[in-house]
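**Q**
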Amino acid sequence: MEGVLRGRVHKYGDNVDTDSIIPGRFLKEMDPKRLAEHAMEGIDPNFVMKVKQGDFIVAGKNFGCGSSREHAPIALKYAGIRAVLAKSFARIFYRNAVDGGFLIPIEIDDNIYERLSDGDEIEVDVSEGTIRNITKGEVYKMRPIPELVMKIIRAGGIFMFKQE
Amino acid sequence: MGMTVTEKILARASGKRLVSPGDVVLANVDKVMMHDVGGPGVWTVFQELRHIIGEVNKVWDPDRVWLAEDHFVPPIDKQSAENIKILEDFARRYGIRKHFRYGVGQYGICHTLSYEEALVLPGEVYVGTDSHTNTTGVVGAFATGLGHTDVAYVLVHGKTWFRVPETLLFRVDGELPPYSTAKDLSLAIISDIGTDGANYKAMQFSGPAIRAMDIDERATLTNMSTEAGAKNAIIEPDERLLQYLRSRTDSPLTPVYGDEDAEFSEVYDLDAKTVEPLVAKPYSPGNVSSARELSDVEVDRVYVGSCTGGKITDLRMAASILKGRRVRVRTEVVPATHRTYMQALREGLIEIFLEAGALVGAPTCGLCFGGHMGVLRKDEVCISTTNRNFRGRMGDRESKTYLASPLTAAATAITGKITDPRDLKG
Ligand code: SF4
Numbered sequence: 013m014e015g016v017l018r019g020r021v022h023k024y025g026d027n028v029d030t031d032s033i034i035p036g037r038f039l040k041e042m043d044p045k046r047l048a049e050h051a052m053e054g055i056d057p058n059f060v061m062k063v064k065q066g067d068f069i070v071a072g073k074n075f076g077c078g079s080s081r082e083h084a085p086i087a088l089k090y091a092g093i094r095a096v097l098a099k100s101f102a103r104i105f106y107r108n109a110v111d112g113g114f115l116i117p118i119e120i121d122d123n124i125y126e127r128l129s130d131g132d133e134i135e136v137d138v139s140e141g142t143i144r145n146i147t148k149g150e151v152y153k154m155r156p157i158p159e160l161v162m163k164i165i166r167a168g169g170i171f172m173f174k175q176e
Numbered sequence: 011m012g013m014t015v016t017e018k019i020l021a022r023a024s025g026k027r028l029v030s031p032g033d034v035v036l037a038n039v040d041k042v043m044m045h046d047v048g049g050p051g052v053w054t055v056f057q058e059l060r061h062i063i064g065e066v067n068k069v070w071d072p073d074r075v076w077l078a079e080d081h082f083v084p085p086i087d088k089q090s091a092e093n094i095k096i097l098e099d100f101a102r103r104y105g106i107r108k109h110f111r112y113g114v115g116q117y118g119i120c121h122t123l124s125y126e127e128a129l130v131l132p133g134e135v136y137v138g139t140d141s142h143t144n145t146t147g148v149v150g151a152f153a154t155g156l157g158h159t160d161v162a163y164v165l166v167h168g169k170t171w172f173r174v175p176e177t178l179l180f181r182v183d184g185e186l187p188p189y190s191t192a193k194d195l196s197l198a199i200i201s202d203i204g205t206d207g208a209n210y211k212a213m214q215f216s217g218p219a220i221r222a223m224d225i226d227e228r229a230t231l232t233n234m235s236t237e238a239g240a241k242n243a244i245i246e247p248d249e250r251l252l253q254y255l256r257s258r259t260d261s262p263l264t265p266v267y268g269d270e271d272a273e274f275s276e277v278y279d280l281d282a283k284t285v286e287p288l289v290a291k292p293y294s295p296g297n298v299s300s301a302r303e304l305s306d307v308e309v310d311r312v313y314v315g316s317c318t319g320g321k322i323t324d325l326r327m328a329a330s331i332l333k334g335r336r337v338r339v340r341t342e343v344v345p346a347t348h349r350t351y352m353q354a355l356r357e358g359l360i361e362i363f364l365e366a367g368a369l370v371g372a373p374t375c376g377l378c379f380g381g382h383m384g385v386l387r388k389d390e391v392c393i394s395t396t397n398r399n400f401r402g403r404m405g406d407r408e409s410k411t412y413l414a415s416p417l418t419a420a421a422t423a424i425t426g427k428i429t430d431p432r433d434l435k436g
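Chain order of the listed sequences is W and R.
Going by my numbering, the first sequence opens with residue 13, and the numbers climb by one from there.
Going by my numbering, the second sequence opens with residue 11, and the numbers climb by one from there.
#1: Tell me, please, whether the CB atom of Ile120 (chain W) is closer than 9 Å to any CB atom in chain R?
#2: Name, please, each residue of chain R whose Cβ falls closer than 9 Å to the Cβ of Phe59 (chain W).
#3: Step through the CB atoms of chain W and report whether any lies within less than 9 Å of the CB of Asp140 (chain R).
#4: Taking the alpha-carbon positions, what's the Leu47 (chain W) to Ile244 (chain R) distance?
#5: In this structure, how does DSSP classify Cys375 (chain R) when only helix, strand and coil are distinguished?
#6: Identify the residues that DSSP records as bridge partners of Met43 (chain R): which are they?
#7: Tell me whether the beta-carbon of Gly157 (chain R) lies closer than 9 Å to the beta-carbon of Gly112 (chain W).
#8: I need the straight-line Cα distance from Asn397 (chain R) to Leu413 (chain R), nearest angstrom please.
#9: Quick one: complete beta strand (DSSP E) runs, 3+ long, within the stretch 150 to 179 of chain R?
#10: Less than 9 Å between the C-beta atoms of Thr418 (chain R) and Ile393 (chain R), yes or no?
#11: Just the chain R side, please: which residues come within less than 8 Å of Pro35 (chain W) by C-beta, in chain order?
#12: Could I get the ranges of all uninterrupted beta strand (DSSP E) runs contained in the stretch 262 to 334 of chain R, with 3 residues as the minimum, in chain order?
#13: Just list the residues that DSSP pairs Phe75 (chain W) with in beta bridges.
#14: For Met13 (chain W), decide whether its Cβ has a neighbour in chain R, counting only Cβ atoms nearer than 9 Å.
#15: Can you check the stretch 100 to 148 of chain R for any alpha helix (DSSP H) of at least 4 residues that lies completely inside it and give the ranges in chain order?
#16: Can a CB atom of chain W be found closer than 9 Å to the CB of Gly25 (chain R)?
#17: Residues in its own chain within less than 7 Å of Ser196 (chain R) by CB, not counting five upstream and five downstream?
#18: When you compare the CB of Pro50 (chain R) with every CB in chain W, is at least one pair closer than 9 Å?
#19: For Thr396 (chain R), verify whether its CB is less than 8 Å away from any heavy atom of the ligand SF4.
#20: Just to confirm the assignment: which complete alpha helix (DSSP H) runs, minimum length 4, are found wholly within the stretch 211 to 237 of chain R?
#21: Identify each residue in the stretch 102 to 121 of chain W for which the Cβ-Cβ distance to at least one residue of chain R is less than 7 Å, and report them in chain order.
#22: Identify which residue in R:Pro265, R:Ala151, R:Pro187 and R:Asp271 has its Cα closest to the Cα of Met213 (chain R).
#23: So, helix, strand or coil for Met13 (chain W), using DSSP?
#24: Entirely within the stretch 334 to 389 of chain R and at least 3 residues each: give me those beta strand (DSSP E) ranges in chain order.
#25: CB Arg326 (chain R) to CB Leu280 (chain R), shorter than 9 Å?
#26: For Gly25 (chain W), go through chain R and note every residue whose CB falls closer than 8 Å to its CB, in chain order.
#27: Are the C-beta atoms of Tyr210 (chain R) and some chain W residue less than 9 Å apart?
#28: Do you know offhand how far Val75 (chain R)'s Cα is from Met44 (chain R)'s?
#29: Decide yes or no for the touch test of the stretch 76 to 87 of chain W against the stretch 249 to 260 of chain R: beta carbon pairs closer than 8 Å, at least 3 of them.
#30: Taking just the CA atoms, how far does Asp121 (chain W) sit from Arg155 (chain W)?
#31: Closer than 8 Å to a non-hydrogen atom of the ligand SF4 - does that hold for the CB of Ser316 (chain R)?
#32: Excluding five sequence neighbours on each side, which residues of the same chain lie with their C-beta closer than 8 Å to the C-beta of Glu390 (chain R)?
#33: Select from R:Gly367, R:Asp324, R:Lys283 and R:Thr341 the residue whose C-alpha is nearest the C-alpha of Tyr351 (chain R).
#34: Cβ of Ala77 (chain W) versus every heavy atom of the ligand SF4: is any distance shorter than 8 Å?
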């Protein structure tokens with residue numbers, strides 16, 4: 013999951029909840045590809061048409077609030093998203109993204125959220141902690157990822173992570 | 011420096027003398043719950059693990075695991091019927107005996123079962139594949155929701171990591187006025203601190219108003235803590251709780267209490283007397299108005315059910331309003347568990363609902379999460395005793411859900427417009 017990630021920004025506001033990311037009626041579905049067909053359907057029915065492999069979601073506060081459904085990070089991952097950049101995450105979404113090895117949750121400050129526009133092309137270097145906005149020619153710092161979380165991300169999920 | 015009850019439980023579970031907010035601990039887990047949405051997810055993780063750590067031949071302690079069929083019951087299609095089968099296979103393969111099967115004796119919504127059946131006890135660390143696992147903090151346990159990979163990890167290793175949360179203390183003085191309920195208090199708190207006001211944090215409730223509540227009402231508070239983003243919610247055990255549990259289990263109870271000099275990251279002093287009937291408007295549980303301000307809003311549907319508002323106390327409240335009256339709009343009452351249903355039957359509540367013209371369904375999550383059992387169509391308006399009103403939660407993206415107490419929901423069923431139960435005439 014490491015290295016430099018590059019893709020386009022899909023931008024949303026605060027409190028994007030899990031019913032928006034993947035509506036409840038699809039929770040009986042276990043096939044990740046079929047979940048991905050409905051990613052973000054609750055908030056942006058065109059999302060799956062626009063998203064490309066390696067793209068990013070940029071969001072405001074409390075991304076992923078609501079249910080514990082791991083279907084949410086799974087749907088986003090299989091829709092092509094590698095990382096979500098948000099002002100803050102709801103705790104279960106954050107944990108699911110990391111422990112399942114699905115997505116990298118990256119916390120950003122308010123001013124970075126303002127600078128990132130829908131459609132911007134960006135490059136994210138998790139090890140360096142930088143976000144390069146290629147479209148605007150700017151570089152930002154992400155908030156540091158906690159050490160334990162970084163180790164689990166590097167391992168590719170909680171089951172691959174070995175306690176020292 | 012002293013510890014809060016949440017810190018003490020996590021310290022004990024991780025073999026430490028002292029923990030502080032922000033510490034990351036590896037805690038032993040006492041109880042685990044999976045339902046018919048989380049269970050198949052865990053099963054899928056186990057299948058994938060074959061390629062990574064090999065076949066999972068046993069879970070760490072099958073007697074500490076229990077299963078509930080509650081979301082897609084009765085199965086709505088072939089896929090959800092398969093998921094029930096997966097839960098059965100899981101129980102058989104790993105020797106899990108506490109399996110609450112739809113239509114086989116005791117069953118119902120997992121969170122209500124967790125304390126009604128005394129499946130989780132004071133001082134324990136309890137995780138489940140559901141965000142409202144927080145509810146069970148009502149018994150003085152550390153209870154929190156996890157995704158299915160995390161639960162799979164717990165099933166294999168018997169432990170998991172937690173960041174020790176800061177605790178927000180809500181001290182509630184006074185007494186709730188007639189017609190005000192724990193649901194109204196919850197909505198007042200969420201509207202005050204916001205839907206991320208307790209993100210990563212513990213919410214602890216204390217004070218005379220809490221002690222005056224029965225266990226179901228307290229569980230409404232712990233349940234709704236999820237809507238403020240809380241990691242867990244907790245109420246320290248009192249004699250009323252211990253008696254409630256003793257009447258349901260022979261297991262020894264070892265309650266844990268916080269230290270007197272515990273440090274809280276914030277203390278909120280509230281007065282229950284000021285709480286009035288409230289309603290959360292679409293599309294956020296934090297979007298709160300008084301019921302009176304919304305008296306022009308016409309509704310098409312009334313739903314009394316779920317782990318938040320389908321407990322016996324909730325049914326009693328709804329029945330107290332519906333008794334001798336007739337509903338004007340489609341009204342569905344869904345008891346949270348089989349035990350709740352039986353109790354409602356014995357108390358004559360079911361008859362009151364039916365006589366009022368409402369419909370009584372079998373225990374299930376059903377409409378609460380828009381899974382089935384009467385999902386809302388476009389533009390349909392529902393007042394509901396559930397906990398979430400996100401866009402599309404109960405059906406179409408263009409449907410609208412208002413969240414309220416069972417009293418307000420029942421009063422609305424009589425008039426067809428959002429009604430403060432204090433204003434109901436006749
Ligand atoms: S009743 Fe609703 S909130 Fe409670 S567990 Fe079921 S779906 Fe979740």
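Just so it is clear, CB atoms sit at the ideal spot from N, CA and C, and this is done for glycine as well.
The model shown is predicted, which means the values in this text are computed figures rather than measured ones.
**A** On the basis of the data shown:
#1: One-based indexing of the first sequence puts residue 120 (chain W) at position 108. Taking Cβ atoms only, chain R never reaches closer than 9 Å to Ile120 (chain W), which makes this a no.
#2: If you number the first sequence from 1, residue 59 (chain W) lands on position 47. By Cβ distance, chain R contributes nothing, its closest Cβ being about 13 Å from Phe59 (chain W), past 9 Å.
#3: As a working note, residue 140 (chain R) is residue 130 in the second sequence. By the rule that beta-carbons nearer than 9 Å mark a contact, Asp140 (chain R) touches chain W.
#4: Here residue 47 (chain W) refers to the residue found at position 35 of the first sequence. Here residue 244 (chain R) refers to the residue found at position 234 of the second sequence. Taking the straight line joining both Cα atoms gives about 34 Å.
#5: Position 365 of the second sequence holds residue 375 (chain R). When DSSP states are grouped into helix, strand and coil, Cys375 (chain R) belongs to the coil group.
#6: Walking along the second sequence from the start, residue 43 (chain R) turns up at place 33. BP columns for Met43 (chain R) point to R:Trp76 and R:Gly138.
#7: Start at 1 with the first residue of the second sequence, and residue 157 (chain R) comes out as number 147. Start at 1 with the first residue of the first sequence, and residue 112 (chain W) comes out as number 100. In this structure, Gly112 (chain W) lies closer than 9 Å to Gly157 (chain R) by Cβ.
#8: Residue numbering aside, residue 397 (chain R) sits at position 387 when the second sequence is read from its first letter. Residue numbering aside, residue 413 (chain R) sits at position 403 when the second sequence is read from its first letter. Their backbone Cα atoms lie some 7 Å apart in a straight line.
#9: Contiguous beta strand (DSSP E) elements confined to the stretch 150 to 179 of chain R occur at 152 to 155 and 169 to 173, taking only those with 3 or more residues.
#10: For this step, residue 418 (chain R) is matched to residue 408 along the second sequence. For this step, residue 393 (chain R) is matched to residue 383 along the second sequence. Taking the C-beta atoms as reference points, Ile393 (chain R) is found nearer than 9 Å to Thr418 (chain R).
#11: Taking the first sequence and counting its residues from 1, one reaches residue 35 (chain W) at position 23. When 8 Å is used as the limit between beta carbons, Pro35 (chain W) is near these residues of chain R: Gly380 and Gly402, in chain order.
#12: Segments of the beta strand (DSSP E) lying fully in the stretch 262 to 334 of chain R: 276 to 281, 288 to 290, 298 to 300 and 311 to 314.
#13: What you label residue 75 (chain W) is simply residue 63 of the first sequence in a count that begins at 1. W:Phe101.
#14: One-based indexing of the first sequence puts residue 13 (chain W) at position 1. Summary for Met13 (chain W): the model assigns pLDDT 49, below 50, so the residue's position carries little reliability, and this model does not support an answer.
#15: Within the stretch 100 to 148 of chain R, the alpha helix (DSSP H) runs of at least 4 residues that lie entirely inside it are, in chain order, 120 to 126.
#16: One-based indexing of the second sequence puts residue 25 (chain R) at position 15. Not a single CB atom of chain W sits nearer than 9 Å to the CB of Gly25 (chain R).
#17: For this step, residue 196 (chain R) is matched to residue 186 along the second sequence. Around Ser196 (chain R): Thr230, Leu231 and Met234.
#18: The sequence position of residue 50 (chain R) within the second sequence is 40, counting from 1. Pro50 (chain R) belongs to the set of residues whose beta carbon lies under 9 Å from a beta carbon in chain W.
#19: For the purposes of this step, residue 396 (chain R) is identified with residue 386 of the second sequence, where counting begins at 1. Thr396 (chain R): yes, Cβ under 8 Å from the ligand SF4.
#20: Annotation: the stretch 211 to 237 of chain R contains the following complete segments of the alpha helix (DSSP H) (minimum length 4 residues), in chain order: 218 to 221 and 225 to 234.
#21: Contact annotation: in the stretch 102 to 121 of chain W, residues whose CB is within less than 7 Å of a CB in chain R are Ala102, Arg103, Ile104, Arg107, Asn108, Asp111 and Gly112.
#22: Counted from its first residue, the second sequence places residue 213 (chain R) at position 203. In this structure, R:Ala151 is the residue among R:Pro265, R:Ala151, R:Pro187 and R:Asp271 with its C-alpha nearest to the C-alpha of Met213 (chain R).
#23: Here residue 13 (chain W) is taken as the residue at index 1 of the first sequence, counted from 1. Because the pLDDT at Met13 (chain W) is just 49, under 50, the model does not fix this residue reliably, and the value given afterwards should be weighed accordingly. Here Met13 (chain W) sits in coil by DSSP.
#24: Counting only runs of 3 or more, we get 340 to 343.
#25: Residue numbering aside, residue 326 (chain R) sits at position 316 when the second sequence is read from its first letter. Residue numbering aside, residue 280 (chain R) sits at position 270 when the second sequence is read from its first letter. It is not a contact, given that the beta carbons lie outside the stated cut-off.
#26: For the purposes of this step, residue 25 (chain W) is taken as the residue at position 13 of the first sequence. None at all; the shortest Cβ gap to chain R is about 12 Å.
#27: Here the question's residue 210 (chain R) lines up with position 200 in the second sequence. At least one chain W Cβ lies under 9 Å of Tyr210 (chain R).
#28: Reading the second sequence from its first residue, position 65 is the one you call residue 75 (chain R). Reading the second sequence from its first residue, position 34 is the one you call residue 44 (chain R). Cα to Cα, Val75 (chain R) sits roughly 8 Å from Met44 (chain R).
#29: Judged by Cβ distances under 8 Å, the stretch 76 to 87 of chain W makes no contact with the stretch 249 to 260 of chain R, as fewer than three pairs qualify.
#30: Along the first sequence, one-based indexing puts residue 155 (chain W) at 143. Along the first sequence, one-based indexing puts residue 121 (chain W) at 109. C-alpha separation (whole angstroms): 7 Å.
#31: Locating residue 316 (chain R) in the second sequence gives position 306, counting from the first residue. When distances are taken from the beta-carbon of Ser316 (chain R) to the heavy atoms of the ligand SF4, the shortest one is below 8 Å.
#32: Translated into the one-based positions of the second sequence, residue 390 (chain R) becomes position 380. Within the same chain, and ignoring the five residues on either side of Glu390 (chain R) in sequence, the residues whose Cβ sits closer than 8 Å to its Cβ are Asp310, Arg311, Gly405, Asp406, Ser409 and Lys410.
#33: By one-based count along the second sequence, residue 351 (chain R) stands at place 341. Nearest of R:Gly367, R:Asp324, R:Lys283 and R:Thr341 to Tyr351 (chain R), Cα basis: R:Asp324.
#34: Looking up residue 77 (chain W) in the first sequence gives position 65. It should be noted that the sequence gives Cys, not Ala, for residue 77 (chain W). No, since every heavy atom of the ligand SF4 falls outside the 8 Å radius drawn around the Cβ of Cys77 (chain W).
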